[in-house]
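Listed in order, the protein sequences are those of chains W and Y.
Note that the UniProt record's numbering has the first sequence beginning at 1, numbered continuously upward.
Note that the UniProt record's numbering has the second sequence beginning at 1, numbered continuously upward.
Everything below concerns the one structure shown next.
Number of protein chains: 2
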Amino acid sequence: MPSKPPLPITMDAVYAAPGYLFRRMQQIAVSIFMEECRSFDLTPVQYAALIAIHTHPGIDATRLSAVIAFDRSTLGSVIERLQAKDYIERKPAPEDKRIKLLYLTKPGAAILRDIIPAVERAQARMLEPLKPADRKALMGLLVQLVDLNNEASRVPLRAEDALEHLGKSG
Amino acid sequence: MPSKPPLPITMDAVYAAPGYLFRRMQQIAVSIFMEECRSFDLTPVQYAALIAIHTHPGIDATRLSAVIAFDRSTLGSVIERLQAKDYIERKPAPEDKRIKLLYLTKPGAAILRDIIPAVERAQARMLEPLKPADRKALMGLLVQLVDLNNEASRVPLRAEDALEHLGKSG
DNA sequence: CCCAGATCGTAAGTATACTGTCAAATTAGA
DNA sequence: TCTAATTTGACAGTATACTTACGATCTGGG
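Rendered as structure tokens:
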């Protein structure tokens with residue numbers, strides 16, 4: 001039995017692969033975020049969690065994970081760290097002993113207010129190398145792709161549904 | 001002193017932020033990769049490392065990290081796992097006792113050959129929801145952005161330089 | 001009312017990612 | 001040549017990400 005022919009494998013093929021580019025871009029984005037927000041000692045994930053808790057006070061951890069498309073298990077430790085920094089507090093829900101409701105503390109609201117300019121600088125820096133028209137084009141395509149691929153991820157985003165159980169509307 | 005006015009913070013602003021979209025897309029990309037390659041028990045990172053070692057036999061860990069833009073500390077454990085699976089082997093360099101040279105084993109070369117179709121299916125699926133013209137546009141913009149932001153990341157890609165010390169040319 | 005199934009939080013185990021530090025080895029400079 | 005700076009690989013520590021599992025709790029069907 002003859003051995004199979006060698007494959008034309010090149011690094012250039014890797015460098016042009018969508019998966020590689022997404023990983024690399026994520027790496028760069030986190031790096032820029034951490035640089036701009038160094039003095040606040042908040043990670044991108046912790047920042048997103050704070051925003052969501054600010055927007056939905058009294059949300060529980062499971063619904064929070066759906067609102068920011070986080071893995072539920074990971075979120076546990078993120079919440080612990082935010083609580084250790086005194087940025088959020090957890091209160092038991094009176095009608096369900098399993099659930100702990102999440103609220104921003106005063107320091108949490110304060111750091112959120114203070115960090116916003118740094119976050120916006122970071123977001124701007126990520127796209128800075130592109131021409132303005134290209135930035136818009138890229139964001140437009142990414143919004144589409146992320147939305148259309150939502151179900152493909154382990155933790156689909158459930159922005160609206162997640163809140164329907166909180167007594168906000170129906 | 002009056003208290004500062006509340007900020008108009010919304011989740012929609014988060015959903016449209018570049019950093020959020022990059023994180024989300026990376027999440028989705030890994031998920032699709034793992035799904036297509038489930039039977040091979042290889043992560044995207046391990047796959048990229050195998051490709052690079054195949055392309056540059058005898059590379060050392062430090063240069064490998066530059067070639068695939070990985071953190072060097074992380075790469076240590078990646079190499080350990082690949083070695084444990086018998087996909088690569090490490091040989092001490094005769095002229096430098098610090099260095100261990102990396103080579104693919106026969107099983108390593110075999111799995112690389114066999115996994116390629118699954119990887120290509122995964123890469124295609126990531127972009128599938130977009131129209132073909134949009135796929136090209138997105139990839140073009142991303143290649144640009146990643147390249148122009150290369151130095152902004154903690155582990156800049158050094159595709160060429162990294163090989164100049166391997167005796168390939170000069 | 002009672003049990004089956006679902007849900008919530010938590011934890012253990014694996015893998016990536018980055019920060020530091022450290023010792024051994026190599027190289028460069030005085 | 002002897003030493004200072006650098007390089008390499010290893011390790012410890014933190015944080016994200018996902019899987020599976022488990023106990024506590026709630027809910028619904030009978």
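Backbone N, C-alpha and C define an ideal beta-carbon position, used for all residues, glycine too.
{"Item": "CA nearest to the CA of Ala-52(W), picked from Tyr-87(W), Leu-145(W) and Asp-12(W)", "Value": "Tyr-87(W)"}
{"Item": "Ranges of the beta strand (DSSP E) found wholly within the stretch 63-144 of chain Y, counting only runs of at least 3", "Value": "88-93 and 96-104"}
{"Item": "Nearest-angstrom Cα separation, counted from Ser-73(Y) out to Pro-44(Y)", "Value": "17 Å"}
{"Item": "Classification of His-165(W) by the beta-carbon crowding that lies within 10 angstroms, buried from 16 upward", "Value": "Interpretation of His-165(W) is limited by its pLDDT of 47, a score under 50 that renders its predicted location unreliable; no figure is taken from the coordinates."}
{"Item": "Touch test, the stretch 126-139 of chain Y against the stretch 144-159 of chain W, Cβ-Cβ under 8 Å, three pairs minimum", "Value": "yes"}
{"Item": "CB contact below 7 Å: Asp-134(W) versus chain Y", "Value": "yes"}
{"Item": "Reference Thr-105(W); option with closest CA among Arg-38(W), Arg-24(W) and Pro-57(W)", "Value": "Pro-57(W)"}
{"Item": "Backbone CA spacing between Ala-84(Y) and Phe-22(Y) [nearest angstrom]", "Value": "32 Å"}
{"Item": "Sheet register partners of Ile-59(W) (DSSP bridge)", "Value": "Leu-102(W)"}
{"Item": "Beta-carbon gap between Ala-118(W) and Glu-36(W) smaller than 7 Å", "Value": "yes"}
{"Item": "Neighbour flag for Gly-76(W) against chain Y, beta carbons, 7 Å", "Value": "no"}
{"Item": "Length of the line joining the Cα atoms of residue 175(Y) and Arg-63(Y)", "Value": "The requested residue 175(Y) does not occur in the structure, where chain Y is confined to residues 1 to 170."}
{"Item": "Chain Y contact for Leu-138(W) (CB, 7 Å cutoff)", "Value": "yes"}
{"Item": "Closer than 7 Å at the beta carbon, the chain Y residues around Ser-31(W)", "Value": "Ala-152, Ser-153 and Arg-154"}
{"Item": "Assigned exposure category for Pro-92(W) - 16 Cβ within 10 Å defines buried", "Value": "exposed"}
{"Item": "Three-state secondary structure (DSSP) of Ile-28(W)", "Value": "helix"}
{"Item": "Span separating the alpha-carbon of Asp-60(W) from that of Lys-100(W)", "Value": "6 Å"}
{"Item": "Contact with chain Y by Ala-17(W), beta-carbon distance below 7 Å", "Value": "yes"}
{"Item": "Cut-off 6 Å between Cβ atoms - residues of its own chain near Pro-156(W), not counting five sequence neighbours on either side", "Value": "Asn-150"}
{"Item": "Any chain W beta carbon closer than 7 Å to Leu-130(Y)", "Value": "yes"}
{"Item": "Where Arg-38(Y) falls, given that 16 or more other Cβ within 10 Å makes a residue buried", "Value": "exposed"}
{"Item": "Top-ranked residue by Cα proximity to Tyr-15(W), from Pro-107(Y), Ala-133(Y) and Tyr-47(Y)", "Value": "Tyr-47(Y)"}
{"Item": "Classification of Ala-29(Y) by the beta-carbon crowding that lies within 10 angstroms, buried from 16 upward", "Value": "buried"}
{"Item": "Neighbour-count burial assignment, Arg-98(W), 16 or more Cβ in a 10 Å radius", "Value": "exposed"}
{"Item": "Minimum Cβ-Cβ distance from Gln-46(Y) to chain W less than 7 Å", "Value": "no"}
{"Item": "Inter-residue spacing [alpha-carbon to alpha-carbon] between Phe-33(Y) and Leu-142(Y)", "Value": "19 Å"}
{"Item": "Best match in Ile-115(Y), Arg-135(Y), Ala-152(Y) and Leu-138(Y) for proximity to Ile-9(W) [C-alpha to C-alpha]", "Value": "Ile-115(Y)"}
{"Item": "Ser-77(Y), buried or exposed, once every other Cβ within 10 Å from all chains shown has been counted against 16", "Value": "exposed"}
{"Item": "For Val-45(Y), the three-state DSSP class (helix, strand or coil)", "Value": "helix"}
{"Item": "Expected contact under 8 Å - CB spacing of Leu-102(W) and His-54(W) to nearest Å", "Value": "The pair is not a contact, with the Cβ atoms about 10 Å apart (cut-off 8 Å)."}
{"Item": "Continuous alpha helix (DSSP H) stretch holding Ala-14(W): start and end", "Value": "Going by the sequence as given, residue 14(W) is Val instead of Ala. Looking at the DSSP string, the run of the alpha helix (DSSP H) that includes Val-14(W) is 11-15."}
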